[in-house]
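Residue numbers (UniProt numbering), protein chains in the order written: chain A, 1 to 167; chain B, 1 to 167. Everything below concerns the one structure shown next.
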């Protein structure tokens, strides 16, 4: 009988990191998706929503894709923790490796794109308090996505260290 | 005698990827650092430089740090290719792994921050041709940094696959 595929870290630790990633992403998605403001431009009132900005749309998209991916991975990890069987064995280790890497890059770019826009919008003179509030919420969502990225980067390190031995 | 530390890919391939990363980064840094424009706001002329925007400053910083790191790694790889000795052995493999990972995340966020700002600035109504030119150059620099990121991500995959066998 072949020895069961081992992993570099305890699957329970891996599971906790996945769950933390998911929590950060879901809060980030909720914060950005519900973010609206009414800004006064001259004599007009303008409604601002997150989807007026491509950077925030991209951030939302990465958050949602990240949630879906993390959910699937969490299910696999729970299966591993409860039964002790790793579905797919070494083949799955490679899929984990590339998947975690791709996801962590995606979350990093999602958070960075939102920060890149928000930081410079924040510096514009004459933002009224409602606009400021909108930008603060966008910042909060980007920060949460960034924390989610940190956790997904940790998952990515775990899955790299769990790769089958050198080819 | 211990067998010489092996790598997952030929060191020549690793060297080519490093050199390509460096070329992309140096062109990106030159393009963004020399990017200026004169914009007309009302009756005033306003000089715009890349360092008026935090996102572009961050992009430049990641490009410069990336150049320094890639240069050192290229030197090590050239030493490996020419002498066949890998300095540091398995210890260096771990440093490569974490270093390449960190660098590729940094380049990804640098490019994404610049894109996040540029895409939405581009959509503002009433950009004059000089401003448009400025934004196009910023876009070009971000695109080059993004290509540099792709190469550094490939380096990061190589260094993950070259990790010493599972702990």
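For every residue, glycine included, the Cβ atom is placed at its ideal position computed from N, Cα and C.
- Just by C-beta distance, which residues in the segment 37-54 of chain B are closer than 7 Å to chain A? 53, 54
- Task: Just list the alpha helix (DSSP H) runs in the UniProt domain "Casparian strip membrane protein" (12-151) of chain A, keeping only unbroken ones of 4 residues or longer that don't cross its boundaries, in chain order.
- Result: 54-83, 90-122
- Task: Could you work out which residues of chain B lie near residue 105/A, taking near to mean beta carbons separated by less than 9 Å?
- Result: On the first chain, position 105 is the one that residue 105/A refers to. In chain order: 104, 105, 108, 149, 153.
- Item | residue 104/A vs residue 143/A beta-carbon contact at 8 Å | Stepping through the first chain from its first residue, residue 104/A is reached at position 104. Stepping through the first chain from its first residue, residue 143/A is reached at position 143. Going by C-beta atoms, residue 104/A is not nearer than 8 Å to residue 143/A.
- Quick one: list the residues of chain B neighbouring residue 120/A, beta-carbon separation under 8 Å, in chain order. In the first chain, the residue the question calls residue 120/A occupies position 120. Neighbours of residue 120/A on chain B, chain order: 53, 54, 55, 117.
- Query: Under a CB-based cut-off of 8 Å, is residue 134/A close to chain E?
  - Reply: In summary, chain E is missing from the structure at hand, where the protein chains are A and B.
- Item | chain A within 8 Å of residue 160/B, Cβ atoms only | The sequence position of residue 160/B within the second chain is 160, counting from 1. Taking Cβ atoms only, chain A reaches closer than 8 Å to residue 160/B, which makes this a yes.
- Would the beta-carbon of residue 162/A be found less than 7 Å away from any heavy atom of the ligand NAD? What this structure holds is no ligand at all, so the ligand NAD is not there to describe.
- Message: For a cutoff of 8 Å on Cβ pairs, would you count residue 140/A as touching chain B?
- Response: Residue numbering aside, residue 140/A sits at position 140 when the first chain is read from its first letter. Chain B, which has no Cβ nearer than 8 Å to the Cβ of residue 140/A, makes this no.
- Task: Give, in chain order, every residue of the segment 55-75 of chain A whose Cβ lies closer than 7 Å to some Cβ of chain B.
- Result: 55
- State the DSSP-derived secondary structure class of residue 8/B, mapped to helix, strand or coil. One-based indexing of the second chain puts residue 8/B at position 8. In this structure, residue 8/B counts as coil in the three-state DSSP scheme.
- Are the segment 107-117 of chain B and the segment 112-122 of chain A touching by the rule of at least three beta carbon pairs closer than 8 Å? yes
- Can you tell me the Cα-Cα spacing of residue 34/A and residue 96/A, whole angstroms? Position 34 of the first chain, counting from 1, holds the residue named residue 34/A. Position 96 of the first chain, counting from 1, holds the residue named residue 96/A. Cα-Cα distance, rounded: 32 Å.
- Item | Proximity below 8 Å, CB of residue 74/A to CB of residue 109/A | Along the first chain, one-based indexing puts residue 74/A at 74. Along the first chain, one-based indexing puts residue 109/A at 109. Not in contact: residue 74/A and residue 109/A (Cβ atoms no closer than 8 Å).
- Message: Pop quiz: residue 59/A and residue 8/A are said to be a contact at Cβ under 8 Å. What is the actual Cβ separation, rounded to whole angstroms?
- Response: One-based indexing of the first chain puts residue 59/A at position 59. One-based indexing of the first chain puts residue 8/A at position 8. Incorrect: roughly 31 Å between the Cβ atoms, too far for contact.
- Message: Strictly below 7 Å CB to CB, what residues from chain A border residue 113/B?
- Response: On the second chain, residue 113/B is found 113 positions in, with the first residue counted as 1. Result: 112, 113, 115, 116.
- Item | Spatial distance of residue 125/A from residue 31/A (CA atoms) | On the first chain, position 125 is the one that residue 125/A refers to. On the first chain, position 31 is the one that residue 31/A refers to. Between residue 125/A and residue 31/A, the C-alpha separation is close to 25 Å.
- Distance, Cα to Cα, residue 155/A vs residue 22/B? In the first chain, counting from the first residue as 1, residue 155/A sits at position 155. In the second chain, counting from the first residue as 1, residue 22/B sits at position 22. Roughly 28 Å between the two C-alpha positions.
- Task: Starting from the C-beta of residue 107/A, find all residues in its chain whose C-beta is less than 7 Å away, skip the five residues before and the five after it, and write them out in chain order.
- Result: Along the first chain, read from residue 1 onward, the residue named residue 107/A stands at position 107. Cβ within range, chain order: 62, 66, 145, 148, 149, 152.
- Message: Could you compute how far the alpha carbon of residue 40/A sits from the alpha carbon of residue 11/A?
- Response: One-based indexing of the first chain puts residue 40/A at position 40. One-based indexing of the first chain puts residue 11/A at position 11. Their backbone Cα atoms lie some 52 Å apart in a straight line.
- So, is residue 157/B buried or exposed, given that buried needs 16 or more other C-beta atoms within 10 angstroms? Within the second chain, the letter at position 157 stands for residue 157/B. Counting Cβ neighbours within 10 Å, residue 157/B comes out buried, since at least 16 surround it.
- Item | Straight-line Cα distance separating residue 43/A from residue 127/A | In the first chain, the residue the question calls residue 127/A occupies position 127. In the first chain, the residue the question calls residue 43/A occupies position 43. Straight-line Cα distance between these residues: approximately 15 Å.
- Task: Write down the C-beta distance between residue 37/A and residue 130/A rounded to the nearest angstrom, noting that I regard them as a contact closer than 8 Å.
- Result: In the first chain, the residue the question calls residue 37/A occupies position 37. In the first chain, the residue the question calls residue 130/A occupies position 130. Confirmed, Cβ separation roughly 5 Å.
- Query: Can you name the residues of chain A whose CB is closer than 9 Å to the CB of residue 97/B?
  - Reply: Against the second chain, residue 97/B aligns to sequence position 97. Within 9 Å Cβ-Cβ: 157, 160, 161.
- Message: Below 8 Å on the Cβ atoms is my contact criterion, and I expect residue 94/A with residue 86/A to pass it. Report the Cβ-Cβ distance as a whole number of Å.
- Response: Start at 1 with the first residue of the first chain, and residue 94/A comes out as number 94. Start at 1 with the first residue of the first chain, and residue 86/A comes out as number 86. Incorrect: roughly 13 Å between the Cβ atoms, too far for contact.
- I think residue 90/A touches residue 164/A, with their Cβ atoms under 8 Å apart; what is that distance to the nearest whole Å? Along the first chain, one-based indexing puts residue 90/A at 90. Along the first chain, one-based indexing puts residue 164/A at 164. Residue 90/A to residue 164/A, Cβ: 5 Å. Contact.
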